[in-house]
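Student:
There are 4 protein chains.
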Amino acid sequence: MTDVHALAPARGELSLRSVGISGIRKPLSVQRHDRVNTLAATFRIAVDLPSSRKGSDLSRNAEVLAEIVDETVLRPAASLESACSAIARELLLRHAYATEASVQASAEYFLRKGVSEAKRSYEDYTLLAEASAFRNSGGSVRLERAIGAEAVGMTACPCAMETCRERLVTEYPLLADPAFRTLPMISHNQRNRTRLVLELAGDEEVEVDDIIAAIEAAQSSPTYAILKRGDEAQVVLDAHRRPKFVEDVLRDLLASLPERFPSLPDSVVVRASTVSEESIHKYNVEASHRVSFGDLRRSADR
Amino acid sequence: MTDVHALAPARGELSLRSVGISGIRKPLSVQRHDRVNTLAATFRIAVDLPSSRKGSDLSRNAEVLAEIVDETVLRPAASLESACSAIARELLLRHAYATEASVQASAEYFLRKGVSEAKRSYEDYTLLAEASAFRNSGGSVRLERAIGAEAVGMTACPCAMETCRERLVTEYPLLADPAFRTLPMISHNQRNRTRLVLELAGDEEVEVDDIIAAIEAAQSSPTYAILKRGDEAQVVLDAHRRPKFVEDVLRDLLASLPERFPSLPDSVVVRASTVSEESIHKYNVEASHRVSFGDLRRSADR
Amino acid sequence: MTDVHALAPARGELSLRSVGISGIRKPLSVQRHDRVNTLAATFRIAVDLPSSRKGSDLSRNAEVLAEIVDETVLRPAASLESACSAIARELLLRHAYATEASVQASAEYFLRKGVSEAKRSYEDYTLLAEASAFRNSGGSVRLERAIGAEAVGMTACPCAMETCRERLVTEYPLLADPAFRTLPMISHNQRNRTRLVLELAGDEEVEVDDIIAAIEAAQSSPTYAILKRGDEAQVVLDAHRRPKFVEDVLRDLLASLPERFPSLPDSVVVRASTVSEESIHKYNVEASHRVSFGDLRRSADR
Amino acid sequence: MTDVHALAPARGELSLRSVGISGIRKPLSVQRHDRVNTLAATFRIAVDLPSSRKGSDLSRNAEVLAEIVDETVLRPAASLESACSAIARELLLRHAYATEASVQASAEYFLRKGVSEAKRSYEDYTLLAEASAFRNSGGSVRLERAIGAEAVGMTACPCAMETCRERLVTEYPLLADPAFRTLPMISHNQRNRTRLVLELAGDEEVEVDDIIAAIEAAQSSPTYAILKRGDEAQVVLDAHRRPKFVEDVLRDLLASLPERFPSLPDSVVVRASTVSEESIHKYNVEASHRVSFGDLRRSADR
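Residue numbers (this note's numbering), protein chains in the order written: chain A, 321 to 622; chain B, 321 to 622; chain C, 321 to 622; chain D, 321 to 622.
(1) Can you give me the start and stop residues for the beta strand (DSSP E) that A:T358 sits inside?
(2) Exposed or buried, what is D:V461 when buried is set at 16 or more other beta-carbons lying within 10 Å of its beta-carbon?
(3) For D:E519, which residues from the same chain have a beta carbon less than 6 Å from its beta carbon, with the 5 sequence-adjacent residues on both sides left out?
(4) Helix, strand or coil for D:Q554, going by three-state DSSP, please let me know.
(5) When you compare the segment 505 to 520 of chain B with the segment 554 to 568 of chain B, are there three or more beta-carbon pairs, one atom per stretch, that lie closer than 8 Å?
(6) From D:E470, D:T362, D:H325, pick the residue whose C-alpha is nearest to that of D:G343; which is it?
(7) Check each residue of the segment 442 to 459 of chain A: if its Cβ is closer than 8 Å to any Cβ of chain C, include it; give the result in chain order.
(8) Taking buried to mean at least 16 other C-beta atoms within 10 Å of its own C-beta, is C:D572 buried or exposed?
(9) By Cβ distance below 6 Å, which residues in the same chain neighbour D:A421 in space, the five residues on each side in sequence not counted?
(10) Residues in its own chain within less than 8 Å of B:N456 by CB, not counting five upstream and five downstream?
(11) Out of A:V517, A:A607, A:Y603, which has the shortest C-alpha to C-alpha gap to D:K346?
(12) Please report how far the alpha carbon of B:S372 lies from the alpha carbon of C:D586, in whole angstroms.
(13) Less than 8 Å between the CB atoms is what I'm expecting for B:A403 and B:T392, so what's the real figure, rounded?
(14) Any residues in the segment 415 to 436 of chain C with a beta carbon nearer than 8 Å to a beta carbon of chain A? Which ones, in chain order?
(15) Who are the Cβ neighbours of D:H415 in its own chain at under 8 Å, not counting the five residues just before and after it?
(16) At a Cβ cut of 8 Å, what residues of the segment 332 to 364 of chain C count as close to chain A, listed as they run along the chain?
(17) Is any beta-carbon of chain B found at less than 8 Å from that of D:S402?
(18) Between C:L385 and C:V339, which are expected to be in contact by the criterion C-beta below 8 Å, what is the C-beta distance as a whole number of angstroms?
(19) Find the nearest neighbour of B:S576 within the set B:R364, B:L516, B:P493, B:Q424, judged by alpha-carbon distance.
(20) Report all residues from its chain with a CB closer than 8 Å to the CB of A:E606; omit the five preceding and five following residues, and keep chain order.
(21) Looking only at C-alpha atoms, which of C:P396, C:A471, C:A425 sits nearest to C:K433?
(22) Looking at the structure shown, is C:R501 part of a helix, part of a strand, or coil, going by DSSP?
(23) Determine the contact status of B:I531 and B:G614, defining contact as a CB-CB distance below 8 Å.
(24) By DSSP's criteria, B:S452 is part of a beta bridge. Which residues make up the other side?
(25) Residues in the same chain with beta-carbon distance under 8 Å from A:D497, minus the five sequence neighbours each way, listed in chain order, please.
(26) Measure the CB-CB distance between C:I388 and D:M474 and report whether it falls below 8 Å.
(27) What does A:E491 reach in chain C if we use C-beta pairs closer than 8 Å?
(28) Quick one: measure Cβ to Cβ for B:Q554 and B:V435, integer angstroms, because I've assumed they're closer than 8 Å.
(29) Among B:D390, B:T514, B:A538, B:C479, whose alpha-carbon lies nearest the alpha-carbon of A:L547?
(30) In chain D, which residues lie less than 7 Å from B:E383 when you measure between Cβ atoms?
(31) Taking 8 Å as the threshold (C-beta atoms), are D:A449 and D:E401 in contact?
(32) Mind reading off the beta-carbon distance from C:A427 to C:L447? Whole number of angstroms is fine, and I expect it under 8 Å.
(33) List the whole-angstrom C-beta distance separating D:S399 from D:A545, where the pair is believed to meet the contact cut-off of C-beta under 8 Å.
(34) Taking buried to mean at least 16 other C-beta atoms within 10 Å of its own C-beta, is C:S541 buried or exposed?
(35) What residues of chain A sit near B:N313, judged by a beta carbon separation below 7 Å?
(36) Please identify, using Cβ separations under 8 Å, the residues of the segment 549 to 577 of chain C that lie next to chain B, in order along the chain.
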């Protein structure tokens, strides 16, 4: 059969940065401690294309993905990220004309949690993983990996809380009593989605549950599937005692990382973003930052 | 050219309830009081198909839509709903084999509003319109129409507010002072999306701004694009002084309709639904109901 | 603690048809033949609310869901649908004031398939399940269940194929040779999403893989993740040798059901819908129907 | 009232790259030749935040947006992009602590087109615009702008076409006749979404209709709302006579730009991406590239 992809392109001598497949879904089995989790993962898998070639052999992308991912049904992968790394490496082997391969994956992930031991159930999160493989001039392959997660929690606004307090003190003068200085006041609160991705350089290992824990600790409160009346009050109270702007969520999250991940080298780069679906507006409020562990450590020392 | 659609179907003698096009977007000019609004509307347009015909002439659906909607650039329609009615009627004329034509449309809609006169800006809502045309045995056409809207506002939970009050009273005994009986307490609050659709039977006229006003009056508070610090406090305070379950939003909305639309006959049927994007959960809470104006009036009389 | 939900509503004496939670995600383990599948399922769970009660005890919905679904990690459910049935029954037990409970669930589902044995990999589908429990006047509970699936495949248009043939014959007169009567001609082809739901009345068992097989047999061709050059030609050829309107997909699907599910009684009701994401338009074409097995059988006999 | 935002942050001395509002919808009136278009635009508006400040005054973002966008109802803007530029400049004035402001906007856009003059109707596209304002050390402001669009069209696969030809020639030996060398053969075809964004450096003017024309010329064929039988055949034929991989769409688009936009300087950077929603797969195929006009011109000269 004619290999149309291998023909020279009809026009231009343009190389292309990225050609691939996206939105492809696969079940991926992952070994988590003592049990196997099956993730329904979405992949985007691409390589670059030299100017000498009309098309990329995209069926190889689907084949590589199937071989590596389907295999995990029998032998579970260590993680979503390790599967991405294996796919990126294999892509460079199969696309001899490519110099760079990139893989992005996301998957829903469930952790058993609860406001108390008795009310635990599964909470859903999003896992994120990336791997890029680069062909060095000598033919060796360099790998870059990233691992991350997104967690939905809650924020309560510190500014509206203060202005509400000032308003209510004029209406209820007894509120001025020093005993009420710590009384949490009404504010607007809402769903907050926060995402943290760590760009690794070497072969550092990061546990995604630690990433989720870092995010939830930075929000005003985590949220839970099962809350009886008293638990609802507890979560509301917790959130109003830790009121946060998106700026606070982001800074507290970033500032917590050197302590949470002490073994990660300074060269690790952090991408973090957070979105609050404001209850008092029809639009969202968001903040994002990108910074190295080195800069985070230097900032903490100041 | 061979008309494949008009052939007898290869298999079966099955008539089909609905065959049409969906997700088609068009700009529709609508006369609103003294100015012309241009809506970017999405349409679904279908007719039934008798067992004797292989296919529906779907290009006619796109033609009818274009003729009626494109014409509004020159002569604005009275409303999204009147355009739907005209399309439904015309569909029956062009699909001689059909006995029923149905049109559904939605469009984003902006109203200039604000927490105060000085802070007005455009708030976005969704318009909803439906029309069905039925061919009677005598050849005449009967029309059913529906008009509706969706508005995003805010709810604050009345239950968490009470349990938080009980918790805080034990912590701050001075709160037990009767002066604080009306002090609004912390609760969870969140975005609420509420939808109201009126199924009309005759040629009643309903103003969509009145539907939006009814929805916003039933939520704990409307929300606004521009809120300075004092305004934020006001909206938060308003919402916490009118705490509502989704059940309350729905019932208050439904109960308000006979008074808001006194001229609508008992035969008008109301579909209402409401969703609160709970800040303390990762999932939503929702309620829905369907009831006639007659039943609403009888319920109010009890 | 005050039970605000149990209070009488402030206004109106309106009962509500449906109050519940939606968009809640859970991992559900299902026994499939010799292995356990873990589905990431989305649930909507609701009950009705009498006029005498202000609110529904929604935390019970999350509790019932957690108890039944989380339990499947240890003891896998028979199916998504059986889990829905168990949840619906339990909801009526826990909401003593409710007369009807309804559960809807959907989940992504993977089947290992391929254009040939050697090129098998996981293809993704959507499972659909519903259960409603009704409290009879005597206190007994009646259950209604539905089971379904959605599959993405391909359609090629029979009409454009004929008009292209007529156009090309004028350009290439040799095409008029009778030898080419069966030569498949160019047409537009596209992704087609088809959904089939069976509303069961008694305790009939339906295998969801059979539903998926019925859908894929009714499309112009199934689609596959791994297709090498020769396989692509095969799938394209297959689709163009079975060109189908959405009307054909729907009718062929419905007509095939009595033979595929011979043991299902006449009272089973079928809901089917199909959407082709037309390659020659920016909008979709769709068809839908609802019919009983009895009517399907009578139609086949004509 | 206490200005909580202006407080020093509780923890860390971290500046943040971007803090803002997103998903805010506004009607924007734009002067197009002799008439006024109203776009329903979505905005994301952000500034950076110094380490010395707890929060960003986000209500100013909504105010700036309202002032500039609402004003266009009376005096239409020149373009979505010019509105973004005005917003970015104004943001730096109102956020005295910020050194960079960024605005992204998208809006649905309708152009009256047709397969022939008689069958013209509105086709929908997406407009894209970006503006960033940077505060120079001397206090002056530098502006960067980008303008783009996305268009949905159609691709037919050149590879499957060749392999189908080879398969069919073995089945229909008469097809080997040289008269059939140019006969378009069956292939898979599908919706293709292509996006082109031009990053401008100075005050170059780009007409968005020219961007859309460039995209549609690079696809196998544009698509249309109204196609009668003969027109369908024409579009199918056109697409199969210009079969294209996503790689071809991207390269042809990029290669066409120097001629289409001769006055744009070498420093203008192009971002282009294209996605084909493959009819034979459940996943998409995509390609993307980023290149300067200078490099495009040098590539064309080779």
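Backbone N, C-alpha and C fix where the C-beta goes; we use that ideal spot for every residue, glycine too. Bear in mind that the values here come from a model prediction, so they are computed numbers and not experimental data.
Tutor: By the coordinates alone:
(1) Looking up residue 358 of chain A in the first sequence gives position 38. Counting along the chain, the beta strand (DSSP E) containing A:T358 begins and ends at 355 to 369.
(2) Position 141 of the fourth sequence, counted from the start, is the residue given in the question as residue 461 of chain D. Classification of D:V461: exposed, given that the 10 Å Cβ count is below 16.
(3) One-based indexing of the fourth sequence puts residue 519 of chain D at position 199. Cβ neighbours of D:E519 beyond the five flanking positions: A466, V589.
(4) Taking the first residue of the fourth sequence as position 1, residue 554 of chain D is located at position 234. Residue state, collapsed to three classes: helix.
(5) yes
(6) Counting from one through the fourth sequence, the residue named residue 343 of chain D turns up at place 23. Nearest option by C-alpha distance: D:T362.
(7) Y442, D444
(8) Sequence index remark: in the third sequence, residue 572 of chain C carries index 252 (1-based). By the 10 Å Cβ count, C:D572 comes out buried.
(9) In the fourth sequence, residue 421 of chain D corresponds to position 101, counting from 1. Excluding positions up to five away in sequence, the list reads V367, A408, L411, L412, A453.
(10) Along the second sequence, one-based indexing puts residue 456 of chain B at 136. R462, listed in sequence order.
(11) Walking along the fourth sequence from the start, residue 346 of chain D turns up at place 26. Selected option, being the one with the closest Cα: A:Y603.
(12) Your numbering for residue 372 of chain B matches position 52 in the second sequence. Your numbering for residue 586 of chain C matches position 266 in the third sequence. Looking at the two C-alpha atoms, the distance is approximately 24 Å.
(13) Your numbering for residue 403 of chain B matches position 83 in the second sequence. Your numbering for residue 392 of chain B matches position 72 in the second sequence. Going by Cβ atoms, the distance from B:A403 to B:T392 rounds to 7 Å, so yes, they are a contact pair.
(14) E428, F430, R432
(15) Looking up residue 415 of chain D in the fourth sequence gives position 95. Closer than 8 Å at the Cβ level, and outside the excluded window around D:H415, lie V367, S376, D377, R380, A421.
(16) I344, R345, K346, P347, N357, T358, A360
(17) The residue given as residue 402 of chain D occupies position 82 in the fourth sequence. So no, D:S402 is outside the interface.
(18) Taking the first residue of the third sequence as 1, we reach residue 385 of chain C at position 65. Taking the first residue of the third sequence as 1, we reach residue 339 of chain C at position 19. Actually they are not in contact, since the Cβ atoms of C:L385 and C:V339 sit about 15 Å apart, beyond 8 Å.
(19) On the second sequence, residue 576 of chain B is found 256 positions in, with the first residue counted as 1. It is B:L516 whose Cα lies nearest to the Cα of B:S576.
(20) Counted from its first residue, the first sequence places residue 606 of chain A at position 286. For A:E606, where only same-chain residues beyond five positions count, the Cβ hits under 8 Å are V566, S593, T594, V595, S596.
(21) Stepping through the third sequence from its first residue, residue 433 of chain C is reached at position 113. The residue with the shortest Cα to Cα distance from C:K433 is C:A471.
(22) The residue labelled residue 501 of chain C in the question sits at position 181 within the third sequence. Note: C:R501 maps to coil in three-state DSSP.
(23) Taking the second sequence and counting its residues from 1, the one referred to as residue 531 of chain B is at position 211. Taking the second sequence and counting its residues from 1, the one referred to as residue 614 of chain B is at position 294. No, Cβ-Cβ distance for B:I531 and B:G614 is not below 8 Å.
(24) In the second sequence, counting from the first residue as 1, residue 452 of chain B sits at position 132. Bridge partners of B:S452: B:S422, B:E464.
(25) Counting from one through the first sequence, the residue named residue 497 of chain A turns up at place 177. So the list is empty, once near-sequence residues are dropped.
(26) For this step, residue 388 of chain C is matched to residue 68 along the third sequence. For this step, residue 474 of chain D is matched to residue 154 along the fourth sequence. No. Outside cutoff.
(27) Taking the first sequence and counting its residues from 1, one reaches residue 491 of chain A at position 171. Going along chain C, no residue has its Cβ under 8 Å from A:E491, so there is no contact; the nearest lies around 23 Å.
(28) The sequence position of residue 554 of chain B within the second sequence is 234, counting from 1. The sequence position of residue 435 of chain B within the second sequence is 115, counting from 1. Correct: roughly 6 Å between the Cβ atoms.
(29) To locate residue 547 of chain A, count along the first sequence from 1; it is residue 227. Out of B:D390, B:T514, B:A538, B:C479, B:C479 has the C-alpha closest to the C-alpha of A:L547.
(30) Here residue 383 of chain B refers to the residue found at position 63 when the second sequence is read from its first residue. Simply I546.
(31) As a first step, residue 401 of chain D must be located in the fourth sequence, where it is residue number 81. As a first step, residue 449 of chain D must be located in the fourth sequence, where it is residue number 129. For D:E401 and D:A449, yes; Cβs fall inside 8 Å.
(32) To locate residue 427 of chain C, count along the third sequence from 1; it is residue 107. To locate residue 447 of chain C, count along the third sequence from 1; it is residue 127. With a Cβ gap of about 5 Å, C:A427 and C:L447 count as contacting.
(33) Position 79 of the fourth sequence holds residue 399 of chain D. Position 225 of the fourth sequence holds residue 545 of chain D. Rounded, the Cβ-Cβ distance is 25 Å, inconsistent with contact.
(34) For the purposes of this step, residue 541 of chain C is identified with residue 221 of the third sequence, where counting begins at 1. When all chains shown are included, C:S541 counts as buried.
(35) Lying outside 321 to 622, the shown extent of chain B, residue 313 of chain B is not represented and no answer is given.
(36) F565, V566, E567, D568, L570, R571, D572, L574, A575
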